[in-house]
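Numbered as in the numbering used here, the sequence shown ends at 924 without a single skipped number.
All C-beta atoms, glycine included, are put in the ideal place defined by N, C-alpha and C.
Since we're looking at a predicted model, the values are computed, not measured.
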Amino acid sequence: MKISIYNCIFIYKQRFIFVLMLFLFVFNKANILVFAESATETVDGYMYNLNADSKYEVDLEGNKTRIQPGTQLGQLSLTGAIESSYDLDGFKTYEVSDGNVMMNYTLLKNIVDQESGAWNITEDNSKVVNKIELDEKINNGVLIIQSSLDKKKWTTLKKVYDIAGKSLKSDIFTTTDIQQINGTYFRVIIAYKAKRQLDDKKVLFVNVDSFEYKKCIELYQFYIIDNEELLRNSSKPSDTPKKELGNKIKTLEDKGFSGNEIIDKKDPHYGWDIGTFYINGYTRETKDTDETPVFLKKVGDRVTLWFSLKQDINKLNSNDKLSIASDKNASDQYFETPVTNFRRGALIIRFTDYEGKKHDPVIYTDFLAANASTTANTKVELFEEGDYEVALDYSIKDSKGVNSYTDYRIFFKYKVRNGNSMAFPFDVITGNELSDKDITENGFKFDMAKSRYLTIDVKRIVLNKSGTDIKEDVRYNRPAKDSDEYSEEGVYEFTVRNIYTDEATTKTIYVGSDPALKALALNNLSVSELENKLKNGYELGDDGSLSLPYVDDAEDITVNTNAVENNVTSETNSFVEEDDIDNNVIDENNMAAEGNNQVEEASVSNLTHLDSVLEMINKYKNIIICGVVALFILIIGILIGKGKKRKGDS
C-alpha cells in the first residue's frame, strides 16, 4: 500500500513539474512576442549650451552633458519592432526583429510657448551647424539627420528647417532595409537659438526690455541593426556560389539615365569601375528563355545582393579632379520615377510578383555616399521569389578646367525561384497535412508553400463497381493552382513540376467514404490489385479492410490437426510397447519433421489456392509451432525414460 501511494505522489509530482515547465515556456514565448511587436522607445540625448555670439560648433565626440527633462526643445523617440536595446561604445543599440524603424521628434511646450522669465525659442539667421552647410536659415530651429557605417564618415540624410515655426510632423525619418541589415549609426542634431526676459533696464529714464540669449545643440545618437537571428540566417560576402551582375554604360546627359554612348579613352570613366554588384545565397543558377539569370533557392537559403565599392567617391580612380556629383534634379526614364534629389548615386530596385504585377520601385538616394564603403561589402537586400530589376544611376564631376558632368548607369535583371517541386495537400476541415495515399472524407486543398512558379496538374478518377469488377473512369485532367479545393469523391493524382529544374513530384489523395477507396488507401493497392483480390474471394469491409471467408477451412484444419496429434500419440504408444527392439527407435528430429509434413499435407489438401494457404498458415502458425515443440519435448522425455529402464534391466 505504501508503494502505491508513493508511486502516485511521484507520478503527480512529475506531472506538476511538466505542466509548470510548459507554462513557463509559453509565458516566456508570449513575453518575447509582445516585446517584439511595434513599440516606442524614448532616446536619451545630450545638450550643448553655447554663448549667443558663438558659432554652432561643438565637439560631438567629446564630453557631453545629459539633457535634463524639460529643458530641451523636443523629445526624440523610435517606433518599430525593437526587440532589445543596450549600450555599445557610447551608442544606444536597438535590435529590430521585423520591418523598419520610424524616428519621431515631438516638440515640447515649455520652450515653444512664449512665457515670461522662461527660455523661449527665437529666430536665427545662421546657415551652418557644425560645418554642415544649410540650404536655408535656421529660423526657429533646424533638425539634421546623419548616418555612418563606421562612426567616422558621416552622411547627412535629411534637414528640416524652422521646426518650431511650422507644424512639424512627428515622423521625421524611416530607416531602410539596407541600413538595418548592414547596421547603421545615426545621429540627430537639433540646433536653435533661445532667449529669456530679464528685469527691465532703464535707458535715459525709460524702461527697456532686457533679454538673455544662448544657442543650443541637442544631440541624439544610436545604432540600429536587424536582430541576431535575422543576421545569423543571412548570407556572408564570402559565401559561394556567387555571381557578378551588371556592367556600366554611359547614358545621354540629363535624359533620365537613358540611351547608350561609347566610353572612349577621353571619357573620365574609361578603364575603371565604380564598384561591383554580386549575388549569393542560392543553390544553383540557370537561365530563362530570355537569358535572364535565374537563381534557385532551397529551404534555408537567403538570396542576397551585395555591392562592393571600389573607389573613393571624392577621388575617383585616384584623381582628385574626379568625384561623384550630387544630382539634385534627377529621374530615371526606365522606371518612370519623378524628379528626385538622387544626390550622390541612386540605387533603384523594382520587384515583379508571380502575377506579373510590377511594384513601385524602391529608391535609395545618396547610395554611394551613405550606404557604401570601400572597407566592407554592402548588403543591399534579401530576396524571395520574384523578378527583379536593379539600376545604379550616378553622375561624375570633372573639375579639371570648367566643371563638366557625365551620367552613367549599371543595370541588370535577375529572377529568384524556389528549387523544390512540392505542393502540400491539407484537409479542408481539420487543416491537417495529408501524406501520399492518404484518404479524407472532407476533401483537400493545395498549399504551394510560397513556391509560386510551379505547375500543378490534377487528374480525378472515379471508381465504377459491378460485383467484383472495378473500373477506373478519368473525369478530368487539368491544371491546378494554390488554394484550389477538391471535395468530390474519387481518386486524385496530382503532379507538381518545377519548370526550371524539370523535377516532378506525384502524389495520390483519396476523397470519400466508399469502402473501395478506403481499401486502396489502407492496403496501398492499385485499382487492378484490389479488383484481383475481390475476384479471389476476399471480402471488403466497410472500413476498407480485406479478409477471406475462412471459417469452414479453419474447422477442417482443426480436425486434421487433431488427426495428426492422434497419429503421433499412436506412434508413441507403439514405440513404448516395443522397447525391446532397438532398431525401431525413431530419431526425434525425423519424427518432428514427419509431424510437420503431416500438418503441411493436411493444410494443403484443404486449401484451394495460394492466398488461402498463406492465410491459414499465418492464422494457425502459433498452434502448429506449439504442437511441434510439445511433441519434441514428449519424445525426448520418452527416450530418457527408456534409457533409464534399460539401465535398470541391465
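Residue range of the unbroken beta strand (DSSP E) whose run includes residue 382
Here residue 382 is taken as the residue at index 108 of the sequence shown, counted from 1. Annotation: residue 382 is outside any beta strand (DSSP E) and is labelled neither H nor E by DSSP.
Supposed close pair residue 524, residue 537 - CB separation, criterion 8 Å
Here residue 524 refers to the residue found at position 250 of the sequence shown. Here residue 537 refers to the residue found at position 263 of the sequence shown. With a Cβ gap of about 5 Å, residue 524 and residue 537 count as contacting.
Are the CB atoms of residue 608 and residue 644 nearer to each other than 8 Å?
Locating residue 608 in the sequence shown gives position 334, where the first residue counts as 1. Locating residue 644 in the sequence shown gives position 370, where the first residue counts as 1. No, Cβ-Cβ distance for residue 608 and residue 644 is not below 8 Å.
Which residues in the same chain have their Cβ closer than 7 Å to the Cβ of residue 591, if we skip the five residues on either side of it in sequence?
Looking up residue 591 in the sequence shown gives position 317. Excluding residues up to 5 positions away in sequence, 546 and 585 lie with their Cβ nearer than 7 Å to the Cβ of residue 591 in the same chain.
Please classify residue 913: does DSSP put it in a helix, a strand, or coil?
Within the sequence shown, the letter at position 639 stands for residue 913. Of the three classes helix, strand and coil, the one that applies to residue 913 here is helix, per DSSP.
Hey, out of 746, 695 and 450, whose CA is closest to residue 723's CA?
Position 449 of the sequence shown, counted from the first residue, corresponds to residue 723. The shortest Cα separation from residue 723 among 746, 695 and 450 belongs to 695.
What are the complete alpha helix (DSSP H) segments, minimum 4 residues, inside the region 751–808?
Counting only runs of 4+ residues, the alpha helix (DSSP H) found wholly inside the region 751–808 occupies 789–797, in chain order.
Since residue 445 is in the alpha helix (DSSP H), which residue starts that stretch and which ends it?
If you number the sequence shown from 1, residue 445 lands on position 171. Premise fails: residue 445 lies in the beta strand (DSSP E), 445–448, not in any alpha helix (DSSP H).
Suppose contacts are defined by Cβ-Cβ distances below 8 Å. Is residue 684 in contact with residue 551 by that definition?
In the sequence shown, the residue the question calls residue 684 occupies position 410. In the sequence shown, the residue the question calls residue 551 occupies position 277. Contact annotation: residue 684 and residue 551 have beta-carbon atoms nearer than 8 Å.
Best match in 407, 737 and 612 for proximity to residue 790 [C-alpha to C-alpha]:
Stepping through the sequence shown from its first residue, residue 790 is reached at position 516. Looking at the Cα atoms, 737 is the closest of the given residues.
Using a 10 Å radius around the Cβ and a threshold of 16 neighbouring Cβ atoms, would you call residue 633 buried or exposed?
Against the sequence shown, residue 633 aligns to sequence position 359. Exposed: under 16 other Cβ atoms inside 10 Å.
With DSSP collapsed to three states, give me the class of residue 904.
Sequence index remark: in the sequence shown, residue 904 carries index 630 (1-based). If DSSP states are grouped into helix, strand and coil, residue 904 belongs with the helices.
Check this for me: beta carbons of residue 320 and residue 398, under 8 Å apart or not?
Numbered from its first residue, the sequence shown carries residue 320 at position 46. Numbered from its first residue, the sequence shown carries residue 398 at position 124. No, Cβ-Cβ distance for residue 320 and residue 398 is not below 8 Å.
Quick check on DSSP: helix, strand or coil for residue 451?
For the purposes of this step, residue 451 is taken as residue 177 along the sequence shown, with counting starting at 1. Three-state DSSP puts residue 451 in a helix.
8 Å contact criterion, which residue 667 and residue 622 should meet: CB distance rounded
Translated into positions along the sequence shown, residue 667 becomes position 393. Translated into positions along the sequence shown, residue 622 becomes position 348. Their Cβ separation, rounded to whole angstroms, is 7 Å, which keeps residue 667 and residue 622 in contact under 8 Å.
Quick one: residues in its chain with C-beta nearer than 6 Å to the C-beta of residue 531, no 5 flanking neighbours on either side, listed in chain order?
Numbered from its first residue, the sequence shown carries residue 531 at position 257. So the list reads 525, 606, 667, 681 and 683, once near-sequence residues are dropped.
Residue 531 in three-state terms, based on DSSP
Here the question's residue 531 lines up with position 257 in the sequence shown. In the three-state DSSP reduction, residue 531 falls in the coil class, being neither helix nor strand.
What would DSSP say about residue 492, mapped onto helix, strand or coil?
For this step, residue 492 is matched to residue 218 along the sequence shown. Here residue 492 sits in strand by DSSP.
CB of residue 812 within 8 Å of CB of residue 795, strictly:
Here the question's residue 812 lines up with position 538 in the sequence shown. Here the question's residue 795 lines up with position 521 in the sequence shown. In this structure, residue 812 lies away from residue 795, with their beta-carbon atoms at least 8 Å apart.
In this structure, does DSSP put residue 592 in helix, strand or coil?
Locating residue 592 in the sequence shown gives position 318, where the first residue counts as 1. Annotated three-state conformation of residue 592 is helix, per DSSP.
Under the three-state reduction of DSSP, which class applies to residue 643: helix, strand or coil?
As a working mapping, residue 643 is identified with position 369 in the sequence shown. If DSSP states are grouped into helix, strand and coil, residue 643 belongs with the helices.
So, is residue 818 buried or exposed, given that buried needs 16 or more other C-beta atoms within 10 angstroms?
As a working note, residue 818 is residue 544 in the sequence shown. Classification for residue 818: buried.
What's the C-alpha gap between residue 438 and residue 381?
As a working mapping, residue 438 is identified with position 164 in the sequence shown. As a working mapping, residue 381 is identified with position 107 in the sequence shown. Cα-Cα distance, rounded: 7 Å.
In the structure shown, what three-state DSSP assignment does residue 331 receive?
Within the sequence shown, residue 331 is the residue found at index 57, counting from 1. Residue 331: coil per DSSP, three-state reduction.
Cβ neighbours of residue 456 in the same chain (closer than 7 Å, five flanking residues each side left out)
Counting from 1 along the sequence shown, the entry for residue 456 is found at position 182. Hits under 7 Å: 423, 652 and 653.
Considering only C-alpha positions, which residue in the set 744, 368 and 328 is nearest to residue 318?
As a position in the sequence shown, residue 318 is number 44, starting the count at 1. With distances taken between Cα atoms, residue 318 lies closest to 368.
Contact belief for residue 577 with residue 690 at Cβ below 8 Å, rounded distance in angstroms:
To locate residue 577, count along the sequence shown from 1; it is residue 303. To locate residue 690, count along the sequence shown from 1; it is residue 416. That belief holds up - the Cβ atoms of residue 577 and residue 690 are roughly 5 Å apart, short of 8 Å.
Close-in-space but distant-in-sequence residues of the same chain around residue 296 (CB under 6 Å, 5 per side omitted)
Here the question's residue 296 lines up with position 22 in the sequence shown. Any reading at residue 296 must be qualified, since the residue scores a pLDDT of 39, below 50, and its modelled position is unreliable; the value itself is stated next. Non-local C-beta neighbours of residue 296 in its own chain, meaning closer than 6 Å and more than five positions away in sequence, are absent.
Residue 728 versus residue 699: straight-line alpha-carbon distance, rounded:
One-based indexing of the sequence shown puts residue 728 at position 454. One-based indexing of the sequence shown puts residue 699 at position 425. Residue 728 and residue 699 have their C-alpha atoms some 15 Å from each other.
For residue 452, count neighbouring C-beta atoms within 10 Å of its own C-beta (all shown protein chains included) and say buried if the count is 16 or more, exposed if not.
Position 178 of the sequence shown holds residue 452. Residue 452 is buried by the Cβ-count criterion.
So who's on the other strand from residue 554, going by DSSP bridges?
Taking the first residue of the sequence shown as 1, we reach residue 554 at position 280. Paired residue(s): 516 and 578.
Proximity below 8 Å, CB of residue 615 to CB of residue 631:
On the sequence shown, residue 615 is found 341 positions in, with the first residue counted as 1. On the sequence shown, residue 631 is found 357 positions in, with the first residue counted as 1. Taking 8 Å as the cut-off, the Cβ atoms of residue 615 and residue 631 do not count as close.
Whole-angstrom Cβ separation of residue 642 and residue 579, contact assumed at under 8 Å?
As a first step, residue 642 must be located in the sequence shown, where it is residue number 368. As a first step, residue 579 must be located in the sequence shown, where it is residue number 305. Rounded, the Cβ-Cβ distance is 16 Å, inconsistent with contact.
Going by other Cβ atoms of all chains shown within 10 Å of its Cβ, with 16 needed for buried, is residue 472 buried or exposed?
Here the question's residue 472 lines up with position 198 in the sequence shown. Exposed.
Is there a C-beta anywhere in chain D that falls below 8 Å from the one on residue 691?
Of the chains in the structure shown, none is chain D; there is only one protein chain.
DSSP on residue 565, reduced to helix/strand/coil?
Here residue 565 refers to the residue found at position 291 of the sequence shown. In this structure, residue 565 counts as coil in the three-state DSSP scheme.
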